[in-house]
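Here's the structure we're looking at; comments come further down.
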Amino acid sequence: MKRFACLAAVLAFTAGTALGQAFPSKPVTIVVPYAPGGGTDTVARTLAAALSTLWNQPVIVENTSGADGVIGTQRVQRAPADGYTILMQVNQMILHKGVGGGSMVDDFRLISKIQHSPLSFVVPASLPVKTMGEFMAWCKAKPSECSWASSTRYGNLIGRQLLAVGGVTDAIPVSYKGTAPMMGDLVGNHVKLALPAVPTALPLHRGGQVRILAVGSPQRFPALPDVPTLIESGYPAVQGDSWYGLMVSKDTPDAVFNRIYDSVKTVSKEPRVLTAIDAAGGVAIFGTPDEFRADVKRELEYLNPIAARYPVQQQ
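Structure below.
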């Protein structure tokens with residue numbers, strides 16, 4: 006019996022190894038659950054090109070947007086758990102409920118974070134404020150004009166927390182289904198504050214159309230060395246970061262999962278990948294699956310009490 010058990014174990018190991026070595030034997034799809042042209046889409050396409058070269062197989066980027074990223078996420082959940090359908094998601098997904106009632110992220114195996122960039126707190130260039138403190142004072146003086154915008158559930162939650170900490174109780178929240186219309190209305194002075202990730206606001210900031218008052222990271226962001234953090238601005242209780250990460254169905258076989266992770270680790274050193282991330286205003290991470298999950302756990306420990314205190318409506 007022991008001999009047969011050992012033989013079975015060896016065969017299982019050999020089969021798993023062969024499965025990993027054979028992957029991929031057909032085209033792979035990276036699902037981006039947001040509209041084309043955004044930061045996730047740009048980075049996903051650069052990764053897809055690099056992985057396609059490495060694997061000698063087509064890697065297709067599929068944009069499946071809607072419901073704050075949930076529709077595309079569910080598209081990956083319904084796909085076979087064979088590694089051929091990969092999800093590129095952002096951290097707002099951890100605020101959505103998954104199949105088991107916990108965070109949606111629990112329904113996936115986390116491969117690697119790809120990049121991160123902080124939330125930015127942005128006003129129209131024409132608004133006569135230079136700091137977060139001045140913005141809060143302006144809102145208190147003109148509550149009927151103080152509108153603020155978010156395009157994700159995550160941004161909405163952080164915005165509510167920030168305004169509450171700043172003592173602004175009458176600000177008017179405006180929700181958008183995408184960052185492009187939100188930033189268009191900000192440039193047009195139709196809303197007075199928006200909370201996009203830095204890559205979205207950076208070109209407009211550099212072009213003088215908007216002004217980034219602060220960033221949500223613990224330290225100043227390399228692409229914006231002259232912009233203070235919320236901590237430096239007097240709001241240490243508030244933080245906001247944005248990351249992109251790759252994940253697959255939680256039932257994906259170990260051999261396939263490891264093959265994907267090893268491949269992502271390999272292409273993470275390619276200049277074209279790093280250049281694309283840097284050009285988009287992000288900082289490359291490419292950590293391990295364990296580091297990814299530990300980061301998500303810490304983030305949920307921070308966000309859950311805030312979500313309970315400041316309920317956020319679905320976008």
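Note that the working numbering has the sequence shown beginning at 6, numbered continuously upward. Even for Gly, the Cβ is constructed at its ideal location relative to N, Cα and C. Note that the coordinates shown come from a computational prediction; the quantities given were computed from them, not determined experimentally.
Bridge partner(s) assigned by DSSP for residue i
| i | result |
| --- | --- |
| Val-128 | Arg-216 |
| Met-137 | In the DSSP output, where bridge partners are listed per residue, Met-137 has none listed. |
| Asp-2 | No statement about residue 2 is possible, as the shown extent of the chain runs from 6 to 320 and does not include it. |
| Val-272 | None, per the DSSP bridge assignment. |
| Ile-91 | Ile-35 |
Residue i vs residue j beta-carbon contact at 8 angstroms
| i | j | result |
| --- | --- | --- |
| Thr-51 | Val-288 | no |
| Gly-286 | Pro-204 | yes |
| Pro-32 | Ser-70 | no |
| Leu-191 | Val-127 | yes |
| Pro-123 | Gly-221 | yes |
| Val-253 | Phe-113 | yes |
| Val-261 | Gly-88 | yes |
| Lys-145 | Trp-248 | no |
| Trp-153 | Leu-100 | no |
| Ile-217 | Ser-125 | yes |
| Ser-156 | Met-137 | no |
| Ala-130 | Val-66 | no |
| Ile-76 | Val-269 | no |
| Arg-158 | Asp-259 | no |
| Ala-49 | Met-93 | yes |
| Val-243 | Val-170 | yes |
| Ile-290 | Gln-120 | yes |
| Thr-45 | Ile-91 | no |
| Leu-207 | Ala-228 | yes |
| Ile-282 | Gln-166 | no |
| Gly-172 | Leu-200 | no |
Residue span of the beta strand (DSSP E) that contains residue i, given as start and end
| i | result |
| --- | --- |
| Phe-113 | 113-123 |
| Ser-152 | 152-155 |
| Val-75 | Unbroken run through Val-75 is the alpha helix (DSSP H), 75-83; no beta strand (DSSP E). |
Where residue i sits in the DSSP three-state scheme
| i | result |
| --- | --- |
| Pro-178 | strand |
| Lys-145 | helix |
| Gly-105 | coil |
| Gln-97 | helix |
| Leu-251 | strand |
| Glu-306 | helix |
| Ala-289 | strand |
| Val-48 | helix |
| Leu-200 | coil |
| Val-232 | coil |
| Ile-311 | helix |
| Asn-68 | strand |
| Ala-260 | helix |
| Pro-208 | helix |
| Ser-238 | coil |
| Ser-222 | coil |
| Ala-284 | helix |
| Val-301 | helix |
| Ala-20 | At Ala-20, the pLDDT of 48 sits below 50, so the modelled position is not reliable; the number obtained from the coordinates is stated separately. In the structure shown, Ala-20 sits in a helix (DSSP, three-state: H, G or I). |
| Val-173 | coil |
| Ala-40 | coil |
| Pro-294 | helix |
| Ala-55 | helix |
| Ala-86 | coil |
| Ala-13 | With a pLDDT of only 48 at Ala-13, under the threshold of 50, the placement of this residue in the model should not be trusted; the figure read from the coordinates follows. If DSSP states are grouped into helix, strand and coil, Ala-13 belongs with the helices. |
Bounding residues of the alpha helix (DSSP H) (the contiguous stretch that carries residue i)
| i | result |
| --- | --- |
| Thr-184 | 184-192 |
| Val-170 | 158-170 |
Residue i Cβ short of 7 angstroms to the ligand GTP heavy atom set
| i | result |
| --- | --- |
| Val-173 | Looking for the ligand GTP in the displayed structure turns up nothing, as the structure carries no ligands at all. |
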